[in-house]
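Worksheet: one structure, shown below.
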Amino acid sequence: MLKELWRKLGSELWQENRAGDDMQSCVLAGRKKTYPKGFRILPHITHTGEFHLERLTKILKERYGQSFSIPDSRSENDGAIREMISFASRIQDQDIQRELLLFYLNCSPVIQEYLRSQTDLGEGPFLSG
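Note that full-length UniProt numbering has the sequence shown beginning at 1, numbered continuously upward.
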């Protein structure tokens, strides 16, 4: 029941973000989805997702010296989040992969699809097909 609600909310979110936009969201056979300009991850991340994102940021900084500035404001650009996810998805570290997976699983289906198409997350063996 909760999954159905989550999917419904995700699809409504998708419809709201596409209102007034002439881009096609569903493209035929094998081509990537397009997302409206200004589509943002941060406003739609759950509290649990934020927790795992913070833990992922901390581990990346401690172990690899990589510092990614996660925007404090929900109106700021979330390019740093996409960059961090792309970096983390290429690292074969169990703790990083765990936090990345927990973050991903706590996102709505719409955000999951967005992350797979806009980051390296969907390109490797991690979350392919």
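No residue lacks a Cβ here, since even glycine has one placed at the ideal position from N, Cα and C.
Item: Taking all protein chains shown into account, decide if R63 is buried (16 or more other Cβ within 10 angstroms of its Cβ) or exposed.; Value: exposed
Item: What residue from T57, Q92, S86, D95 has the CA that sits closest to L121's CA?; Value: S86
Item: Measuring straight from C-alpha to C-alpha, what distance separates M84 and E99?; Value: 12 Å
Item: How should R90 be labelled, buried or exposed, when 16 other C-beta atoms within 10 angstroms of its C-beta is the threshold for buried?; Value: exposed
Item: Distance check for I81 and L115, CA to CA, integer angstroms please.; Value: 10 Å
Item: Indicate whether at least one CB of chain E lies closer than 8 Å to the CB of Q97.; Value: The displayed structure is made up of one protein chain only, and chain E is not part of it.
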